[in-house]
Structure formats: C-alpha cells, structure tokens
Ligand SMILES: [Zn+2]
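Residue numbers (this note's numbering): -12 to 453.
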C-alpha cells in the first residue's frame, strides 16, 4: 500500500506540474507588486513615506534640469538564493546574465531599444543606474554577492518568513530573493517588489521565481532569448524605484475603467494596460497610442522607459523618504565593496568558500551507504579543498568532494565539512545529519506507514516520509 500511495502522489504532482507548464506559455505571469502594495498602503506609516516621497518627487521633477546628473549611480545589491537543492539554486552565470541585461536596460544599452516605434523614440529615457553585486557582506567578509540559503521555504515562499532567514540591511543593499515558487496569493506572479519604504520589518525587497530571473535557458544552462523574461528584473526594479504600471498600481491590466487612473508620469499615455500580446497600434484610452513597449507594461515586447519614468526613479534615488538615497553614497559603496576601486581590483581574492552539503539519505539502516552531495559556494573558477569528518562512519574522514560512507551502529550522527581556498576556510557542523535505525526501528516505522492506508496523506513537508 505504501507504494500505491507513493504512485498516487507522484501522479498528482505530475498532473499539477504539466498543467502549470502548459498554462505558463499562454498567459504571462504578472508582476505581483500590485498585491503587496495594496497591502502596504493599509499601513499609515508606509503610506506617509510614499506621500513624502511623492512631494519630494514633484519638487525634484519641477527642477529636473538641475538634477539630471551624468551618473551612473552605482547601487549595491545582494541576491539571496533560497533553495531546496533543486533548480532554484541558480548558477552564478544566471545571476550575472540577469543583472547584465537589467543594467543594459537602466543605461539605455539594450539592443531591442531600436525597436521602439517612432511615436515614442522622442520620449525614451533611462536613469543611468548601475547595479553591482556586493563584494563585502554586512560583516565585511568577502562575498560574490550571492547568499545561498538551503530551506524548504524555497517552495511556496511567504515573503516575511523567507526574509527572516536571509536579510541584509536594506539601507546598504537591495535585497533580491530567488525562490522556487510563491505562496497561494502570489502564485500567478513571476516576481514582485515593494516601492520605497513599503517592505515592513525586514525592509524592502524584490522577489523572483527562479525561472523569471532573466531569460536563462535551463535546458542547456546558457543565456536564453525571451523578450518578456529578459526584462522582468527591470520591471520589478522599476517598482522598487517608485514606478507604477502605466495603468496604475492597484488594478489589474486590461480593465476598462483603468483609463481614469494616472501613474504620475507625464509622458506615459493613459492606457488600460496590456497582458501578453504586443499590438503596437493599440489605443485604449481617448484614441492616443498606448506605450505598449514600456518596461512597466505586461506586454511581450517591453523594451523602454520614458524620460518621465527615468526622472521619477532619479527622484526616488535622491530621496531620504524610502531610503534609496543611502544606497549609492560613496561610503556605502566602500562598505559593500562596490566602489570602483574595490570592484575592479580582484575583490574576490580573500573570499572563503562557504560549505554546505545535502545528505543523500538522512535515514538509513545499519550498513547502508550514505552519499553526501557538496553544495559549497562563495567561490568561482578555483580549486577548493575539502575535509569531511563523519562521526561513527567508515571512513570517518574524507577529502573527496562528494564522499560516500557507511554507518554500522544505530544512532544519530553529526557531519563536519571544512572547505578552503588556500588559507581561507569555513567550517560547517550539521548536528543530527544522519540517523541510522536498528532493525526494530524499521519494523516499527513500517507499522506506522501501514496506518496511511486511510485517505489522509502523510505530511509532504516532513523530511522523513517515505
Ligand atoms: Zn508590475
């Protein structure tokens, strides 16, 4: 019966998965920002910050000729990869690629900018932001700017719970989170972000489903070419820098009454918004042509900001209301290792690898071989040495990358892994990493699983279900 339950669960999962796959290509998942912002605006404190920022923004824009500086504004960020050892544990290459695409967009260097229709070429704008992965963490340690945290919360991620396990000071870093999937209320979203000061106790954030952090091609682990996905990070960063959708934040796109709403940007025409398609002749309000190609749209041909949007983002970057001003100050660039001097002079020389591993089988019988899969990170393109210590196992030590050992005696054992790049080392101790059962335990456990013959399914989250 155990097997039957297993197959049924697999069948259910498979059906759900294929359904999600087929739907995904037909409907572009939205940005979930309007949902999180709707919630944030119920908080008077957050609303006050946005009101202050709005006053600042109007003042800033009325004097924009004095404010349009050359830039670039260098802005540090960290990518927290919350993963359960699966595809959501995205590669450094994917992170680099997503950020380079986003930086192109914020500097007017994206190659598809040439596709903007004539009616809008005169209003193209960009704020000249350059986002850089931090090379120093909050303790001043050397980092590649990617913080990998293994957690079952990578699946059905809830914002505040996920942030509670990985969070750097949001006055110093933009906190970007990568997860496998979002909780129910955000499940139709590809990504979401908060506007300045709206994040809550753990600060402001941008969340991405791993497969919408740029247009990475997971089939052959290489850069992809998807017009919509490549600009998803840009769209979310637009929200993070205080932009609304052209049809305004708290409504979904393509609803008739959106025309009456205004995004606070002068050169974005009123529109009801677009979902998925790309009709460059679309005029949904008052006969004026929609800016379907705007990065803040949901069309599948987004490729531009307007000058008005760029000015608005510059205003946000220059305001203390919402904290964006702190990010690009020279002393913060030095603290986060993103100033030119640090960033261009081998900033990774002293990085120590951060050990992590996954246990092949956390629960086994006496004599079972247990394999360990290495997930050490914070290094790239360099040799790492490993020292494992296995309490109660044979062998009890190993220098392999992915060792296999045997346990004879029943009990619960800890595993220690030290990873070094030259003399830069870190050690991880996982208590109770492996449990070896006696034959009596196994019989008992089998008895328990027989009880699942009723319609109730075992807890899928439990790590010891089989
Ligand atoms: Zn959005």
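The beta carbon of each residue, even a glycine, is placed where N, CA and C say it ideally should be.
- Counting along the chain, no alpha helix (DSSP H) covers residue 170, and no H or E run does either.
- A check of alpha carbon separations from residue 130 across 415, 185, 335, 342 identifies 335 as the nearest.
- Residue burial annotation: residue 427 is exposed, with fewer than 16 other C-beta atoms found within 10 angstroms of its C-beta.
- Selection 203, 353, 23 evaluated against residue 185 yields 23 as nearest (Cα-Cα).
- Separation of residue 220 and residue 84 (C-alpha to C-alpha, rounded to the nearest whole angstrom) is 11 Å.
- Bridge partners of residue 360 according to DSSP: 345.
- A check of alpha carbon separations from residue 116 across 190, 304, 36, 401 identifies 304 as the nearest.
- For the options 411, 210, 401, the alpha carbon positioned closest to that of residue 417 is the one of 401.
- Secondary-structure assignment with DSSP links residue 67 through a beta bridge to 134, 164.
- Within the model, the alpha-carbon separation for residue 297 versus residue 80 is close to 28 Å.
- In the three-state reduction of the DSSP assignment, residue 210 falls in the strand class, which pools E and B.
- Assigned with DSSP and collapsed to three states, residue 19 falls in coil, not helix or strand.
- Beyond the five residues adjoining it in sequence on each side, residue 161 comes within less than 6 Å, by CB distance, of 64 in the same chain, given in chain order.
- Rounded to the nearest whole angstrom, the CA to CA distance from residue 39 to residue 174 is 32 Å.
- Following the DSSP letters along the chain, one finds residue 88 inside the alpha helix (DSSP H) bounded by residues 79 to 93.
- Taking all protein chains shown into account, residue 178 has 16 or more neighbouring C-beta atoms within 10 Å of its C-beta and is therefore buried.
- According to the DSSP secondary-structure assignment, residue 380 is paired through a beta bridge with 394.
- At least one heavy atom of ligand 1 is found less than 7 Å from the C-beta of residue 222.
- Per the C-alpha coordinates, the member of 248, 165, 44, 292 positioned closest to residue 143 is 165.
- Between ligand 1 and residue 20, a heavy atom-to-CB distance of less than 7 Å is present.
- Using a cutoff of 7 Å, the CB of residue 226 counts as near ligand 1, since one of the ligand's heavy atoms is closer than that.
- Here the C-alpha atom of residue 96 lies approximately 12 Å from the C-alpha atom of residue 114.
- Note that the C-beta distance between residue 133 and residue 82 is below 8 Å.
- Pairwise C-beta distances place the stretch 278 to 295 in contact with the stretch 248 to 262, as three or more of them are shorter than 8 Å.
- In its chain, beyond the 5 residues on either side, 397 have a beta carbon closer than 6 Å to the beta carbon of residue 425.
- Bridge partners of residue 375 according to DSSP: 385, 404.
- The stretch 97 to 108 makes no contact with the stretch 226 to 233; the number of CB pairs closer than 8 Å stays below 3.
- In this structure, residue 153 lies away from residue 218, with their beta-carbon atoms at least 8 Å apart.
- Using a cutoff of 7 Å, the CB of residue 232 counts as near ligand 1, since one of the ligand's heavy atoms is closer than that.
- Its Cα nearest to that of residue 215, the residue 198 stands out among 231, 230, 198, 344.
- Ranking 395, 62, 367, 156 by CA distance to the CA of residue 421 puts 395 first.
- Residue environment for residue 181: buried (at least 16 other C-beta atoms within 10 angstroms of its C-beta).
- Residue 348 and residue 71 have their C-alpha atoms some 15 Å from each other.
- Following the DSSP letters along the chain, one finds residue 37 in no beta strand (DSSP E) but inside the alpha helix (DSSP H) bounded by residues 31 to 49.
- Judged by their CB atoms, residue 423 and residue 356 are not nearer to each other than the 8 Å cut-off.
- DSSP, reduced to helix, strand and coil, places residue 351 within a strand of the structure shown.
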